[in-house]
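What follows is a short report on a single structure.
Shown next, in the form of structure tokens:
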């Protein structure tokens, strides 16, 4: 049974469509370098113009993630960052005035260990609007999908150029948006995308009743401007996480001014991704 409540993701996309804008969706690894900094970076992302944000749960075997996000996960896991810790970042960010929708990005094993009922109850309590589980295939998502529908939280699917015959089935059942993988392989900054990206996005667009967003390998305003013609939103992960990594000497400094400077470096990078209107 589905809960007839509005979802903040849907609201944001409707507002952006009315203004002719494309959603900017950053990804951050929670707990890198620590939870307090993660809250500050979420605030900074919204201040930079992000429309919604993916909060990544650090995981020891992130199959879809490239070396940049793997290193971020390793740094966070050294601090014993848990799934509950990551959810708590969202609540603290809300307390500090952040308004944009939160999407939790996690692999299935932590969800399974947490327990589905408790997991979705906690997502609701911490005001998440969406969930992305990259290693949960369509054929095995029935129970998770049912819980998501019950709680009004969007289960956002990934679809890749290699999905081929499964594209229509995945896109047709999507909630929130369809996460379109722009290139083959794991996440990471790239100079070029999959050669058939435009045709791929058109296929997904025709099959989906929700917005389509593009992620994996996007790192510049020029790439976002190019892709914005074919999608409703753009997800930037590795490029931002790499900027966090570059700012680590400042972010981990005991001096509050230097920490703020590190956050501002990341904020400036995110702001620079937004296409000129």
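In my numbering, the protein residues as written are 3 to 279. Beta carbons are placed, not taken as given, at the ideal position from N, Cα and C, and that holds for glycine. These figures come from a predicted structure and were not determined experimentally.
As assigned by DSSP and simplified to three states, the class of residue i
{"i": "residue 271", "result": "helix"}
{"i": "residue 138", "result": "coil"}
{"i": "residue 145", "result": "helix"}
{"i": "residue 13", "result": "helix"}
{"i": "residue 29", "result": "strand"}
{"i": "residue 23", "result": "coil"}
{"i": "residue 264", "result": "helix"}
{"i": "residue 58", "result": "strand"}
Burial state of residue i (16 or more Cβ within 10 Å)
{"i": "residue 97", "result": "exposed"}
{"i": "residue 149", "result": "buried"}
{"i": "residue 177", "result": "buried"}
{"i": "residue 65", "result": "exposed"}
{"i": "residue 114", "result": "exposed"}
Cα-Cα separation between residue i and residue j, rounded to whole angstroms
{"i": "residue 17", "j": "residue 219", "result": "26 Å"}
{"i": "residue 188", "j": "residue 21", "result": "Its pLDDT being 45, under 50, residue 188 is placed unreliably by the model, and the measurement read from it follows with that caveat. Whole-angstrom Cα-Cα distance: 33 Å."}
{"i": "residue 224", "j": "residue 119", "result": "42 Å"}
{"i": "residue 54", "j": "residue 12", "result": "11 Å"}
{"i": "residue 204", "j": "residue 260", "result": "45 Å"}
{"i": "residue 146", "j": "residue 172", "result": "15 Å"}
{"i": "residue 32", "j": "residue 222", "result": "22 Å"}
Contact test: residue i Cβ vs the ligand FMN heavy atom, cutoff 6 Å
{"i": "residue 264", "result": "Among the components of this structure there are no ligands whatsoever, and the ligand FMN is therefore not found."}
Is there contact here, the region 63-78 with the region 244-254, by at least three beta-carbon pairs under 8 Å?
yes
Closer than 8 Å is the cut-off here; do at least three beta carbon pairs connect the region 201-216 with the region 238-248?
no
Where in the region 160-242 do unbroken runs of the beta strand (DSSP E), each at least 3 residues long, occur, reported from the N-terminal end onward?
180-183, 214-217 and 235-238
Any alpha helix (DSSP H) of 4 or more consecutive residues that is wholly inside the region 66-154:
69-79, 85-97, 110-116, 118-127 and 144-153
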